[in-house]
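Read in our numbering, the sequence shown has 252 at position 250, and its numbers run on one by one without any break. Ideal Cβ placement from N, Cα and C applies to all residues, glycine included.
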Amino acid sequence: MSQAVREAESQFIVQTYKRTPILWERGHGVWLVDSEGQEYLDMAAGIAVNSLGYEHPAIQEVLAKPGLIHTSNLYYTAPQVELARLLCENSFASKVFFCNSGTEANEGALKFARKWGKERREVVAFSDSFHGRTMGALACTANPRYRQPFEPLIGGVRFATYNDLDSVNLDGGVAAVIVEPIQGEGGVRSADADFLQGLRRMCDARDVLLIFDEVQCGLGRAGKLWAYQNYGVEPDLMTLAKPLGGGLPIGAILINDKVHNALEAGDHGSTFGGGPLVTRVARSVFETVNQPEFLAQVEQVGEQLGQVLQRMVEKFDYVREARGRGLMWGLALDEKVPVADLVAAALRQKMIVLSSGGNTLRLLPPLVLKSKHVEIFETRLEAALQEVALALA
Ligand SMILES: Cc1ncc(COP(=O)(O)O)c(C=O)c1O
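And the structure:
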């Protein structure tokens with residue numbers, strides 16, 4: 003890649019990211035093209051963001067039309083209201099608050115829960131969770147490496163063990179429980195149905211709010227519109243972000259009436275939240291994803307992807323487990339083989355993949371991935387795994 007861009011990045015950009023030396027120039031479908039014209043199969047989608055891949059007509063069409071970009075939330079704009087209506091009519095929720103990212107959505111959800119809880123201020127979060135990097139969301143994020151340098155975070159957050167109901171204690175001033183139905187950063191781990199259903203029962207029994215963070219696993223990623231629909235459990239609040247804007251920044255907090263009744267004007271706000279351009283694009287993304295044929299294809303291609311991964315578990319000793327659903331999959335490696343080695347080998351095979359906690363390869367491809375792409379993926383993944391195996395030998 004261009005040395006000049008690399009040098010300017012290190013001179014002018016805050017050095018909080020470890021970047022791979024590739025300079026992206028364009029994309030089409032599920033393919034990304036670098037500055038040297040090399041095409042990569044994108045199995046990461048900008049970390050679960052580019053839900054419709056690149057240059058999707060549904061997004062291009064909206065962007066090509068003239069329209070307002072921003073006016074502020076001091077006035078009304080129709081696209082914001084229309085997107086909110088769609089989200090409510092297709093979920094448990096009755097109201098939506100728009101913001102600009104996943105961490106902001108969680109931050110807002112925590113505020114809403116505390117407002118509702120009155121004197122009850124505590125929140126229960128889980129091991130291996132990831133909810134974002136601002137002070138409230140970070141306080142609910144388990145990884146000490148992300149937390150410790152910034153403590154003290156907001157108080158009142160206690161951790162229980164994911165998928166272990168016995169570890170959950172709702173005594174003494176708990177307002178809400180926050181949980182990812184499928185943990186992403188934590189290693190692509192799905193909640194057990196018993197666990198989420200049990201949490202719902204416990205929250206109901208103690209009049210505690212249940213928050214689902216579907217920032218990564220929501221909006222078609224898990225094969226249904228919402229991941230929670232795989233479990234037959236509804237939350238009181240749900241946070242969304244990544245895929246909703248098809249690449250533009252947007253976050254959303256979906257809430258039921260019980261929560262909304264505790265809120266009043268002035269409790270929360272966002273300058274940019276739910277602007278007319280981003281909500282027009284998000285509406286188009288939502289309408290594209292929320293089609294039975296689209297979601298059926300995510301499930302079907304996802305199953306095919308799961309079978310490919312399972313074959314790799316059988317072929318390679320150091321590949322321990324394939325887990326996931328829809329188009330959210332993890333491939334856990336033996337702890338002696340750093341997942342970073344596999345990510346690098348995949349790159350040499352012209353494929354973008356992600357790592358996650360638990361030494362797990364993470365796949366979050368655009369939701370428009372087709373069967374033919376999975377075939378290409380299988381060939382390239384096997385070659386990458388082989389390369390890592392040879393290096394071990
Ligand atoms: C489950 C979950 N919640 C929240 C976030 C934070 O989202 P953002 O990076 O948009 O702030 C992430 C990001 O990876 C996430 O995976």
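- Per the coordinates, the alpha-carbon of Ala-324 lies some 43 Å from the alpha-carbon of Leu-265.
- Leu-333 and Val-321 do touch by the CB rule: their CB atoms are close to 6 Å apart, below 8 Å.
- Short note on Ser-103: C-beta closer than 6 Å to some heavy atom of ligand 1.
- A direct Cα-Cα distance of roughly 24 Å separates Thr-143 from Pro-367.
- In this structure, the beta-carbon distance from Leu-279 to Ile-71 falls below 7 Å.
- Straight-line spacing of the CA atoms in Lys-244 and Phe-288 works out to 12 Å.
- For Phe-99, the enclosing beta strand (DSSP E) has its first and last residue at 97 to 101.
- Here His-30 carries a strand assignment [DSSP, helix/strand/coil].
- In this chain, Phe-274 is not harboured by any beta strand (DSSP E), its DSSP state being neither H nor E.
- For Leu-335, the enclosing beta strand (DSSP E) covers residues 330 to 335.
- With the rule of 3 Cβ pairs closer than 8 Å, the stretch 144 to 153 does not count as touching the stretch 192 to 207.
- In the DSSP assignment, Asp-238 is bridged to no other residue.
- Excluding five sequence positions before and after Glu-106, the CB atoms of its chain that fall closer than 6 Å to its own CB belong to Gly-253, given in chain order.
- The alpha-carbon separation between Asp-269 and Gln-388 amounts to approximately 55 Å.
- Scanning the stretch 31 to 87 for uninterrupted beta strand (DSSP E) segments of 3 residues or longer gives 33 to 36 and 41 to 44, listed from N- to C-terminal end.
- Nearest to Leu-307 by alpha-carbon distance, out of Glu-295, Lys-317, Gly-119 and Gly-328, is Gly-328.
- For the set Gly-158, Met-137 and Ala-162, the Cα lying nearest the Cα of Gln-150 is the one of Met-137.
- Closest option to Ile-24, judged by alpha-carbon separation, among Val-32, Tyr-42 and Phe-14: Tyr-42.
- Shown here for Gly-29: same chain residues with a beta carbon closer than 6 Å to its own, the five before and five after excluded, namely Tyr-56 in chain order.
- Inter-segment contact for the stretch 173 to 186 and the stretch 227 to 240 is present: three or more beta-carbon pairs are separated by less than 8 Å.
- Boundaries for Asp-215: no alpha helix (DSSP H) harbours it, while the beta strand (DSSP E) harbouring it runs 211 to 215, taken from the DSSP string.
- Annotated as distal: Phe-274 and Ala-391, with beta-carbon spacing of 7 Å or more.
- When distances are taken from the beta-carbon of Glu-182 to the heavy atoms of ligand 1, the shortest one is below 6 Å.
- In summary, Asp-166 is exposed, with fewer than 16 beta-carbon neighbours lying within 10 Å of its beta-carbon over all protein chains present.
- Asn-52 is a Cβ neighbour of Gly-249, given a cutoff of 7 Å.
- Residue environment analysis places Leu-89 among the buried positions, since at least 16 neighbouring C-beta atoms fall within 10 angstroms of its C-beta.
- Taking non-hydrogen atoms of ligand 1 into account, the C-beta of Gly-138 is found less than 6 Å away from none of them.
- In the structure shown, Val-159 falls within a strand segment according to DSSP collapsed to helix, strand and coil.
- Spatial neighbours of Ala-284 in its own chain (CB-CB distance under 8 Å, excluding positions within 5 residues in sequence) are listed in chain order as Leu-85, Leu-246, Gly-247, Gly-248, Leu-250 and Ile-252.
- If you check the CB distance, Ser-4 and Gly-189 do not come in under 7 Å.
- One thing to note: Leu-242 has its Cβ within 7 Å of the Cβ of Glu-216.
- Relative to the Cα of Gln-309, the nearest Cα in the group Cys-205, Glu-380 and Arg-223 belongs to Glu-380.
- Our two residues, Gly-222 and Trp-331, have alpha carbons roughly 14 Å apart in a direct line.
- By the criterion of a C-beta distance shorter than 7 Å, Gln-312 is surrounded in its chain by Ala-324, once the five residues flanking it on both sides are discounted.
- Within the stretch 358 to 389, the runs of beta strand (DSSP E) at least 3 residues long that lie entirely inside it are, in chain order, 362 to 365.
- Residue environment analysis places Phe-114 among the buried positions, since at least 16 neighbouring C-beta atoms fall within 10 angstroms of its C-beta.
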